[in-house]
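Participant: Shown below is the structure under consideration.
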Amino acid sequence: METLKMSLVQNQILPLHFKPYPLIHNSRILGVYSNKGRTFSFTLTCKLNTVKGNKPSKGKSRISVPGSDGVAPPVVESEEGSVGNGGRKVEETKNGVVGFGLLNKLPRKVLGILSNLPLAIAEMFAVAALMALGTFIDQGEAPDYYFQKFPEDHPPLGFFSWRWVLTLGFDHMFSSPVFLGTLALLGASLMACTYTTQIPLVKVARRWSFLQSAETIRKQEYADTLPRASVKDLGVILMGDGYEVFSKGPALYAFKGLAGRFAPIGVHISLLLIMSGGTLSAVGSFRGAVTVPQGLNFVAGDVLAPSGFLSTPSDAFSTEIHVNRFSMDYYDSGEVSQFHTDLSLFDLNGKEVMRKTISVNDPLRYGGITIYQTDWSISALQVLKDDEGPFNLAMAPLQLNGGDKKLFGTFLPVADDNSPNVKGISMLARDLQSVILYDKEGKFAGVRRPNSNLPIEIDGIKIVIADAIGSSGLDLKTDPGVPVVYAGFGALMLTTCISYLSHTQLWALQDGTSVVVGGKTNRAKGEFPDTMNRLLDQVPELVESSSPEEPNILSGL
């Protein structure tokens, strides 16, 4: 059974002629009908009822209004007495906006759950907690390290043993299924919120409408009446202030700041870019570290190790890297301030394809591989003994009690047939500037600078420190997610600034010689009345023009 409901503004019902028009279940048709100067708005509510147990009829019933020509009227009712959307056709379906890809196929219930704000906040806190846990747990260590750090007999927090760390993959937190799954759930919530909330808000904001009732305009957040004014003059003033102005007869609609409505969508897209880039970095990158003495070389592919299942090596992995020279800069106090490494890169044919001196915060980039200067050490001392040599004595790092100071040491054996223990000359160095020497009894013997060629005699042996050979600590990395993350952060900063733009809407109606003005805004609501008063003060006042009176002609008898 089909029922037709009609509500009219006027008391008089005018005749309507019905033509074929597709009838949609539970649909509404809104429009304006004009007949010989008489105008009324109407609402057609079409509801399709069926007998219990029977399916709806497959036949199509049609209804139309005069002047429609079988096409649905492109009008939108945004307020009481308002009609119009600028001729734009608004398409909707039972599941929402048409053509939004896969989200359009998901049930509304699923989208409602994913777009729930408390759920999204909980997901953000979960991601933050996992990231904090990833900084607390040392990443990428051998299993024995976690056996000792998180023992089962005395686990941290009473339960967090090594089984939790290794089973859940917290030893590589940022590529673990738990972290990536939580990140994917947060991304799904952002997309669902964008689809169900932000995009519909933008579509509504883009529709412009006219309010035909002065009472409706006066109900806006701001309303005022301009006596002896013209709505056309108001439109000119608004256009000068950056408004988009539309007029239709005595009615006017204006808006500005529509970009502010798009900003939340841009923020969501930026966050998705950041999370996608971070995920790509976690599962598609290579990392490695190496300490190379001055004068030696290595192949990049021998150092780099994959971090995830999407890691794919490139041709640059066959590049040979040669450490030409390692040097250090010092403060006036003698502390190390900076260290540099002169690197040369060679292809498979032995041709030098790039050369650069890198330092901390000044890496080398080639073929998607980035080489960072991260550490240093002393690999060996070149020593002359009684004018023989030079001998290369390997330097070993020595354990210090706390602090970040470094100390390296080596030992030059001295033969003594009468002693059961091997003795010799000890040499210690904090950096490449100087070497401290001790005799075979452990007593201080002196200090010498490398390359000074100044000999020192210890226990009858003449020693010359010819050179101190440094080692460069290098970190190598390929990270395809970095450009995506940078793009996401750049877009996030831009869209965050745009989101502060106020979206303002104004309506006006010529009511005789007066103009009724009303408007609303989504931001800066406290400043909105002052801004509107400033604009309305610029509207010129109409002055009535009157013809001069004709002089009275007196005639006498």
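Just so you know, the sequence shown maps onto residues 1 to 557 in UniProt numbering. We put the beta carbon where it would ideally sit given N, CA and C, even for glycine.
(1) Ala251 and Gln212 - do their beta-carbons sit closer together than 8 Å?
(2) Compute the beta-carbon to beta-carbon distance between Val517 and Asp241, rounded to the nearest angstrom, for a pair I have assumed lies under 8 Å.
(3) Below 8 Å, can you find three or more Cβ-Cβ pairs linking the segment 468-486 to the segment 275-289?
(4) Which word fits Pro264, buried or exposed, when buried means at least 16 other C-beta atoms lie within 10 angstroms of its C-beta?
(5) When you compare the CB positions of Ile369 and Ala316, do they come within less than 8 Å of one another, or not?
(6) My assumption, with CB atoms under 8 Å, is that Gly446 sits in contact with Ile456. Please give the rounded CB distance.
(7) Quick one: using the 10 Å Cβ neighbour count with 16 as the cut-off for buried, is Val98 buried or exposed?
(8) Excluding five sequence neighbours on each side, which residues of the same chain lie with their C-beta closer than 8 Å to the C-beta of Pro156?
(9) To which residues of the same chain is Leu111 closer than 6 Å at the C-beta, ignoring the five residues directly before and after it?
(10) What three-state label does DSSP hand Gln505 in the structure shown?
(11) Could you give the first and the last residue of the continuous alpha helix (DSSP H) run that contains residue 571?
(12) Check whether the Cβ atoms of Lys256 and Thr504 sit closer than 8 Å, and answer yes or no.
(13) Reducing DSSP to helix, strand and coil, say where Leu473 ends up.
(14) Quick one: using the 10 Å Cβ neighbour count with 16 as the cut-off for buried, is Pro397 buried or exposed?
(15) What are the boundary residues of the alpha helix (DSSP H) that includes Val236?
(16) Contact check, Thr291 vs Gly473 under 8 Å by CB: the rounded distance?
(17) In this structure, does DSSP put Lys256 in helix, strand or coil?
(18) In whole angstroms, what separates the C-alpha of Asn116 from that of Asp537?
(19) Rounded to whole angstroms, what's the CA-CA distance from Val32 to Arg207? Just pull it up for me.
(20) How should Ser333 be labelled, buried or exposed, when 16 other C-beta atoms within 10 angstroms of its C-beta is the threshold for buried?
(21) Quick check: the Cα distance between Ala415 and Lys440, rounded to an integer number of angstroms?
(22) Determine the direct distance from the alpha carbon of Phe346 to that of residue 559, and round the result to whole angstroms.
(23) Give the single residue among Ala254, Trp507, His154, Ala126 whose Cα lies nearest to the Cα of Ala214.
(24) Pairing CB atoms from the segment 454-471 with CB atoms from the segment 350-362, are three or more of them under 8 Å?
(25) With Ala254 and Val245 assumed to form a contact (beta carbons below 8 Å), what rounded beta-carbon distance in angstroms separates them?
(26) The beta strand (DSSP E) that contains Gly315, what's its start and end?
(27) Find the nearest neighbour of Ser379 within the set Leu296, Ser452, Tyr331, judged by alpha-carbon distance.
(28) Short of 7 Å in beta carbon distance, which residues of its chain neighbour Glu541, apart from the five on each side in sequence? Order them along the chain.
(29) What would DSSP say about Pro529, mapped onto helix, strand or coil?
(30) Quick one: what's got a C-beta closer than 7 Å to Gly169's C-beta in the same chain, skipping five residues either side?
(31) On the CB-based measure, 16 or more other CB atoms within 10 Å of its CB, does Pro118 come out buried or exposed?
(32) What is the rounded straight-line gap between the Cα of Val422 and the Cα of Asp386?
(33) Can you name, in chain order, every residue of its own chain whose Cβ lies under 8 Å from the Cβ of Asp459, other than the five neighbours on each side?
(34) Quick check on residue 600: buried or exposed, where buried means 16 or more other Cβ atoms within 10 Å of its Cβ?
(35) What first and last residue would you give for the beta strand (DSSP E) that runs through Leu296?
(36) With DSSP as the reference, label Ser377 as helix, strand or coil.
Facilitator: Working from what's here:
(1) yes
(2) No, Val517 and Asp241 are not in contact; Cβ-Cβ is about 13 Å, not under 8 Å.
(3) yes
(4) buried
(5) yes
(6) 5 Å
(7) Confidence at Val98 is low in this model, with a pLDDT of 41, below 50, so its placement is unreliable and no value can be given for it.
(8) Phe150
(9) Ala192, Thr196
(10) strand
(11) Outside the shown range of the chain, which is 1 to 557, sits residue 571, and nothing can be said about it.
(12) yes
(13) Reading the sequence as shown, one finds Gly at residue 473 and not Leu. In this structure, Gly473 counts as strand in the three-state DSSP scheme.
(14) exposed
(15) 231-240
(16) 5 Å
(17) strand
(18) 45 Å
(19) Interpretation of Val32 is limited by its pLDDT of 44, a score under 50 that renders its predicted location unreliable; the figure taken from the coordinates is listed afterwards. If I take the Cα positions, the gap works out to 17 Å.
(20) exposed
(21) 11 Å
(22) Outside the shown range of the chain, which is 1 to 557, sits residue 559, and nothing can be said about it.
(23) Trp507
(24) no
(25) 4 Å
(26) Reading off the sequence, residue 315 comes out as Asp, not Gly. Asp315 -> no beta strand (DSSP E), and no H or E assigned at all.
(27) Leu296
(28) Arg228, Ala229
(29) helix
(30) Ser176, Pro177, Val178
(31) exposed
(32) 20 Å
(33) Val414, Ile425, Asp439, Lys440
(34) The question about residue 600 has no answer, for the chain in this structure spans 1 to 557.
(35) Where Leu296 is concerned, there is no enclosing beta strand (DSSP E), given that its DSSP letter is neither H nor E.
(36) strand
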